[in-house]
Amino acid sequence: MESTELSFEGHAGKVVGRRWADDARGEPDYVVILVHGYGEHSGRYEHVAARLVGDGAAVYAIDHVGHGQSEGEPVLIDSFQEVEEDVHVLESLARTDHPTVPVVLIGHSMGGLIAARYAQRWGDGLGAIVLSAPVLGQWRAADALLAADEIPDVPIDPSTLSRDPAVGEAYVADPLVWHGTFKRRTLEAIQEALRMIAAAGPVDDPILWLHGEADELVPLADTKAGWASLAGRHASAKSYPGARHEIFNETNQDEVLDDVVEFIRANVRSPRRA
1 MESTELSFEG HAGKVVGRRW ADDARGEPDY VVILVHGYGE HSGRYEHVAA
51 RLVGDGAAVY AIDHVGHGQS EGEPVLIDSF QEVEEDVHVL ESLARTDHPT
101 VPVVLIGHSM GGLIAARYAQ RWGDGLGAIV LSAPVLGQWR AADALLAADE
151 IPDVPIDPST LSRDPAVGEA YVADPLVWHG TFKRRTLEAI QEALRMIAAA
201 GPVDDPILWL HGEADELVPL ADTKAGWASL AGRHASAKSY PGARHEIFNE
251 TNQDEVLDDV VEFIRANVRS PRRA
(Lines of atoms letter the chains of each structure in order from A; the text may use other names.)
(Lines give C-alpha, C1' and ligand atoms only; values in the text may rest on other atoms or scores of the structure.)
Protein backbone atom coordinates (compact mmCIF):
# COMPACT_ATOMS: atom_id res chain seq x y z
CA MET A 1 0.00 0.00 0.00
CA GLU A 2 1.32 3.41 -1.00
CA SER A 3 0.40 6.56 0.90
CA THR A 4 0.59 9.95 -0.82
CA GLU A 5 -0.26 13.42 0.48
CA LEU A 6 -2.77 15.64 -1.26
CA SER A 7 -3.93 19.20 -0.61
CA PHE A 8 -6.32 21.79 -1.96
CA GLU A 9 -7.80 25.14 -0.99
CA GLY A 10 -10.76 24.52 1.29
CA HIS A 11 -13.40 26.87 2.62
CA ALA A 12 -11.09 28.19 5.37
CA GLY A 13 -7.58 27.67 4.03
CA LYS A 14 -5.38 24.83 2.90
CA VAL A 15 -6.81 21.36 3.44
CA VAL A 16 -4.32 18.50 3.73
CA GLY A 17 -5.24 14.92 3.05
CA ARG A 18 -4.03 11.46 2.12
CA ARG A 19 -4.54 8.87 -0.55
CA TRP A 20 -3.87 5.20 0.12
CA ALA A 21 -3.83 2.69 -2.75
CA ASP A 22 -2.04 -0.20 -4.39
CA ASP A 23 -1.48 1.32 -7.81
CA ALA A 24 0.55 -1.67 -8.96
CA ARG A 25 -2.65 -3.71 -9.20
CA GLY A 26 -4.26 -1.23 -11.59
CA GLU A 27 -7.65 0.47 -11.30
CA PRO A 28 -9.29 -0.05 -7.89
CA ASP A 29 -12.59 -1.86 -7.48
CA TYR A 30 -14.03 1.13 -5.62
CA VAL A 31 -13.03 4.41 -4.00
CA VAL A 32 -13.57 5.15 -0.30
CA ILE A 33 -13.98 8.68 1.06
CA LEU A 34 -13.02 8.42 4.74
CA VAL A 35 -14.27 11.14 7.12
CA HIS A 36 -12.62 11.41 10.55
CA GLY A 37 -14.10 12.58 13.85
CA TYR A 38 -13.75 15.53 16.21
CA GLY A 39 -10.28 16.56 17.36
CA GLU A 40 -8.43 13.85 15.45
CA HIS A 41 -7.02 13.49 11.93
CA SER A 42 -6.95 11.18 8.94
CA GLY A 43 -3.57 9.69 9.87
CA ARG A 44 -5.26 7.68 12.63
CA TYR A 45 -7.00 5.59 9.94
CA GLU A 46 -3.96 4.04 8.28
CA HIS A 47 -4.95 0.53 9.41
CA VAL A 48 -8.52 1.06 8.18
CA ALA A 49 -7.17 2.16 4.82
CA ALA A 50 -4.88 -0.89 4.71
CA ARG A 51 -7.85 -3.24 5.19
CA LEU A 52 -9.83 -1.49 2.46
CA VAL A 53 -6.90 -1.30 0.04
CA GLY A 54 -6.40 -5.01 0.65
CA ASP A 55 -9.97 -5.49 -0.56
CA GLY A 56 -9.25 -3.55 -3.75
CA ALA A 57 -10.09 0.03 -2.77
CA ALA A 58 -8.35 3.35 -3.18
CA VAL A 59 -8.93 5.42 -0.02
CA TYR A 60 -9.04 9.22 0.19
CA ALA A 61 -9.26 11.32 3.36
CA ILE A 62 -8.70 14.88 4.51
CA ASP A 63 -8.02 16.57 7.82
CA HIS A 64 -11.00 18.88 8.41
CA VAL A 65 -10.48 22.60 8.88
CA GLY A 66 -8.75 23.19 12.22
CA HIS A 67 -7.75 19.54 12.49
CA GLY A 68 -4.52 17.64 11.93
CA GLN A 69 -2.34 19.30 9.32
CA SER A 70 -5.06 21.46 7.74
CA GLU A 71 -5.24 25.20 8.30
CA GLY A 72 -7.73 26.95 10.56
CA GLU A 73 -8.25 27.69 14.24
CA PRO A 74 -7.99 24.41 16.15
CA VAL A 75 -11.27 22.44 16.19
CA LEU A 76 -13.32 25.49 15.24
CA ILE A 77 -16.12 24.66 12.79
CA ASP A 78 -18.57 27.45 12.04
CA SER A 79 -20.67 25.47 9.60
CA PHE A 80 -20.77 21.80 8.76
CA GLN A 81 -22.22 22.64 5.36
CA GLU A 82 -18.83 24.12 4.46
CA VAL A 83 -17.01 21.07 5.81
CA GLU A 84 -19.28 18.85 3.70
CA GLU A 85 -18.35 20.95 0.68
CA ASP A 86 -14.64 20.35 1.40
CA VAL A 87 -15.39 16.62 1.43
CA HIS A 88 -17.24 17.07 -1.87
CA VAL A 89 -14.10 18.60 -3.38
CA LEU A 90 -12.21 15.52 -2.18
CA GLU A 91 -14.77 13.26 -3.84
CA SER A 92 -14.38 15.22 -7.07
CA LEU A 93 -10.61 14.72 -6.95
CA ALA A 94 -11.08 11.00 -6.35
CA ARG A 95 -13.53 10.74 -9.25
CA THR A 96 -11.08 12.55 -11.51
CA ASP A 97 -8.47 9.92 -10.63
CA HIS A 98 -10.94 7.03 -10.98
CA PRO A 99 -13.93 8.10 -13.11
CA THR A 100 -15.34 4.63 -13.76
CA VAL A 101 -15.50 3.08 -10.27
CA PRO A 102 -18.15 3.44 -7.52
CA VAL A 103 -17.62 5.63 -4.46
CA VAL A 104 -18.21 4.60 -0.83
CA LEU A 105 -18.46 7.08 2.06
CA ILE A 106 -17.31 6.09 5.58
CA GLY A 107 -17.60 8.48 8.53
CA HIS A 108 -16.77 8.05 12.21
CA SER A 109 -18.32 9.97 15.15
CA MET A 110 -18.47 13.65 14.10
CA GLY A 111 -17.42 12.29 10.73
CA GLY A 112 -20.54 10.13 10.85
CA LEU A 113 -22.58 13.30 11.34
CA ILE A 114 -20.84 14.82 8.31
CA ALA A 115 -21.33 11.65 6.27
CA ALA A 116 -25.04 11.45 7.14
CA ARG A 117 -25.72 14.99 5.97
CA TYR A 118 -23.44 14.50 2.97
CA ALA A 119 -25.47 11.44 1.97
CA GLN A 120 -28.66 13.50 2.16
CA ARG A 121 -27.12 16.12 -0.14
CA TRP A 122 -25.14 13.96 -2.59
CA GLY A 123 -26.12 10.37 -1.82
CA ASP A 124 -27.39 9.67 -5.35
CA GLY A 125 -23.78 9.48 -6.47
CA LEU A 126 -22.66 7.07 -3.75
CA GLY A 127 -22.55 3.29 -3.90
CA ALA A 128 -22.76 2.84 -0.12
CA ILE A 129 -22.46 4.75 3.17
CA VAL A 130 -21.05 3.46 6.47
CA LEU A 131 -21.54 5.35 9.75
CA SER A 132 -19.28 4.37 12.66
CA ALA A 133 -20.57 5.55 16.07
CA PRO A 134 -22.13 8.61 14.43
CA VAL A 135 -23.35 11.68 16.27
CA LEU A 136 -27.05 11.56 15.34
CA GLY A 137 -30.32 12.44 17.02
CA GLN A 138 -29.13 14.03 20.25
CA TRP A 139 -25.63 14.42 21.67
CA ARG A 140 -26.12 14.95 25.39
CA ALA A 141 -22.46 15.80 25.96
CA ALA A 142 -22.83 18.85 23.73
CA ASP A 143 -26.06 19.83 25.46
CA ALA A 144 -24.35 19.70 28.86
CA LEU A 145 -21.31 21.68 27.73
CA LEU A 146 -23.41 24.38 26.07
CA ALA A 147 -25.52 24.75 29.22
CA ALA A 148 -22.44 25.99 31.09
CA ASP A 149 -21.65 29.70 31.17
CA GLU A 150 -18.09 28.79 30.25
CA ILE A 151 -17.09 25.58 28.48
CA PRO A 152 -15.09 23.58 31.05
CA ASP A 153 -11.54 22.61 30.13
CA VAL A 154 -12.29 18.88 30.03
CA PRO A 155 -10.72 17.02 27.10
CA ILE A 156 -12.00 13.70 25.79
CA ASP A 157 -11.27 10.88 28.24
CA PRO A 158 -9.00 8.47 26.31
CA SER A 159 -10.37 5.49 28.26
CA THR A 160 -13.73 5.96 26.48
CA LEU A 161 -12.17 5.23 23.09
CA SER A 162 -11.36 1.52 23.28
CA ARG A 163 -10.91 -1.43 25.61
CA ASP A 164 -7.32 -1.57 24.33
CA PRO A 165 -5.31 0.78 26.61
CA ALA A 166 -2.69 1.26 23.89
CA VAL A 167 -5.27 3.15 21.82
CA GLY A 168 -5.78 5.73 24.56
CA GLU A 169 -2.04 6.02 25.15
CA ALA A 170 -1.38 6.66 21.45
CA TYR A 171 -4.22 9.19 21.36
CA VAL A 172 -2.76 11.15 24.28
CA ALA A 173 0.73 11.11 22.76
CA ASP A 174 -0.38 12.16 19.25
CA PRO A 175 0.64 15.80 18.63
CA LEU A 176 -1.90 16.15 15.80
CA VAL A 177 -4.82 15.30 18.10
CA TRP A 178 -6.54 18.21 19.87
CA HIS A 179 -6.35 17.77 23.65
CA GLY A 180 -7.92 21.06 24.68
CA THR A 181 -11.33 22.53 25.36
CA PHE A 182 -14.36 22.17 23.09
CA LYS A 183 -15.23 25.33 21.17
CA ARG A 184 -18.74 26.67 21.79
CA ARG A 185 -19.30 27.53 18.13
CA THR A 186 -18.34 24.00 17.06
CA LEU A 187 -20.83 22.50 19.52
CA GLU A 188 -23.53 24.88 18.26
CA ALA A 189 -22.70 23.88 14.69
CA ILE A 190 -23.07 20.21 15.64
CA GLN A 191 -26.53 20.89 17.07
CA GLU A 192 -27.46 22.83 13.94
CA ALA A 193 -26.31 19.93 11.75
CA LEU A 194 -28.35 17.47 13.85
CA ARG A 195 -31.47 19.57 13.26
CA MET A 196 -30.79 19.70 9.52
CA ILE A 197 -30.34 15.92 9.31
CA ALA A 198 -33.59 15.32 11.21
CA ALA A 199 -35.47 17.70 8.93
CA ALA A 200 -34.10 16.32 5.67
CA GLY A 201 -35.46 12.79 6.03
CA PRO A 202 -34.20 9.32 5.16
CA VAL A 203 -31.35 8.21 2.92
CA ASP A 204 -32.54 5.55 0.48
CA ASP A 205 -29.06 4.51 -0.66
CA PRO A 206 -27.38 1.49 1.02
CA ILE A 207 -26.38 2.76 4.46
CA LEU A 208 -24.94 0.87 7.44
CA TRP A 209 -24.84 2.02 11.07
CA LEU A 210 -22.24 0.38 13.36
CA HIS A 211 -21.90 1.22 17.07
CA GLY A 212 -20.29 -0.02 20.27
CA GLU A 213 -22.83 -0.88 22.97
CA ALA A 214 -20.54 0.47 25.73
CA ASP A 215 -19.91 3.79 23.97
CA GLU A 216 -19.99 6.48 26.68
CA LEU A 217 -18.80 9.31 24.42
CA VAL A 218 -21.61 9.00 21.84
CA PRO A 219 -24.15 6.71 23.52
CA LEU A 220 -25.93 4.23 21.29
CA ALA A 221 -29.35 5.21 22.65
CA ASP A 222 -28.91 8.85 21.60
CA THR A 223 -27.85 7.88 18.09
CA LYS A 224 -30.70 5.38 17.77
CA ALA A 225 -33.32 8.14 17.73
CA GLY A 226 -31.51 9.95 14.93
CA TRP A 227 -31.03 6.73 12.98
CA ALA A 228 -34.78 6.13 13.01
CA SER A 229 -35.32 9.26 10.91
CA LEU A 230 -32.25 8.73 8.68
CA ALA A 231 -32.60 5.06 7.77
CA GLY A 232 -34.27 4.45 4.41
CA ARG A 233 -35.25 1.40 2.39
CA HIS A 234 -31.70 0.02 2.15
CA ALA A 235 -30.54 0.59 5.72
CA SER A 236 -28.99 -1.93 8.10
CA ALA A 237 -27.38 -1.73 11.52
CA LYS A 238 -25.22 -3.71 13.92
CA SER A 239 -23.92 -3.09 17.43
CA TYR A 240 -21.02 -4.71 19.30
CA PRO A 241 -21.42 -5.76 22.96
CA GLY A 242 -18.75 -4.25 25.21
CA ALA A 243 -17.23 -2.09 22.48
CA ARG A 244 -16.51 1.55 23.23
CA HIS A 245 -16.46 4.58 20.93
CA GLU A 246 -13.70 3.93 18.40
CA ILE A 247 -14.88 0.61 16.99
CA PHE A 248 -12.21 0.73 14.27
CA ASN A 249 -9.66 0.71 17.12
CA GLU A 250 -11.44 -1.75 19.38
CA THR A 251 -10.23 -5.18 20.47
CA ASN A 252 -12.66 -6.63 17.90
CA GLN A 253 -11.63 -4.25 15.14
CA ASP A 254 -11.07 -7.13 12.69
CA GLU A 255 -14.71 -8.13 13.08
CA VAL A 256 -15.83 -4.53 12.56
CA LEU A 257 -13.71 -4.04 9.43
CA ASP A 258 -14.86 -7.39 8.07
CA ASP A 259 -18.45 -6.19 8.50
CA VAL A 260 -17.64 -2.98 6.62
CA VAL A 261 -16.03 -4.85 3.74
CA GLU A 262 -18.87 -7.38 3.59
CA PHE A 263 -21.42 -4.55 3.39
CA ILE A 264 -19.48 -2.84 0.62
CA ARG A 265 -19.15 -6.07 -1.35
CA ALA A 266 -22.88 -6.74 -1.01
CA ASN A 267 -23.89 -3.31 -2.29
CA VAL A 268 -21.16 -2.06 -4.60
CA ARG A 269 -20.59 -3.69 -7.97
CA SER A 270 -17.31 -2.55 -9.49
CA PRO A 271 -16.61 -2.79 -13.24
CA ARG A 272 -13.62 -5.08 -12.64
CA ARG A 273 -15.50 -7.48 -10.36
CA ALA A 274 -18.44 -7.49 -12.79
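Residue numbering for the sequence shown follows full-length UniProt numbering, beginning at 1 and increasing consecutively.
Ideal Cβ positions, reconstructed from N, Cα and C, are used throughout, including at glycine.
Predicted model, so just to flag it, every value in this text is computed and none were measured.
Quick check on residue i: does DSSP put it in helix, strand or coil?
i    : result
S132 : strand
W139 : coil
A198 : helix
E71  : coil
I77  : coil
L126 : coil
T186 : helix
A148 : coil
G10  : strand
V35  : strand
H245 : coil
H179 : coil
D157 : coil
R117 : helix
S162 : coil
Let me make sure I understand the geometry here. Which of the options has the alpha-carbon closest to that of residue i?
i    : options                   : result
I207 : A144, A119, D63 and A221  : A119
W139 : I62, D149 and L113        : L113
H41  : I77, D23 and G17          : G17
G68  : E216, K14, Y240 and N249  : K14
T181 : V261, L93 and L146        : L146
R265 : D29, L6, S7 and P175      : D29
G226 : G125, A24, I156 and G201  : G201
Y171 : G43, L126, E27 and E5     : G43
I156 : V130, V75 and V35         : V75
V203 : D55, D78 and L105         : L105
G127 : I77, A235, T186 and Q81   : A235
F80  : A198, Y240, E192 and L210 : E192
S92  : V65, K224, G125 and R25   : G125
A21  : V53, W209, H11 and S70    : V53
L136 : D254, I151, E73 and L230  : L230
H98  : L176, T251 and Y60        : Y60
Strictly by DSSP, which residues pair up with residue i?
i    : result
H108 : S132
V172 : Beta-bridge pairing links V172 to no other residue.
T4   : R19
Y240 : G212
A57  : Y30
I62  : G17
V203 : A231
V103 : V31
By a C-beta neighbour count over all protein chains shown, 10 Å radius and 16 as the cutoff for buried, is residue i buried or exposed?
i           : result
R244        : buried
H179        : exposed
S109        : buried
T100        : exposed
G168        : buried
T96         : exposed
R121        : exposed
residue 279 : Residue 279 lies beyond the residue range present for the chain, which begins at 1 and ends at 274; the question has no answer from this structure.
H47         : exposed
R233        : exposed
Kindly indicate the opening and closing residues of the alpha helix (DSSP H) around residue i.
i    : result
S229 : L220 to L230
A266 : Q253 to N267
Following the continuous beta strand (DSSP E) through residue i, name the residue where it begins and the one where it ends.
i    : result
L210 : I207 to G212
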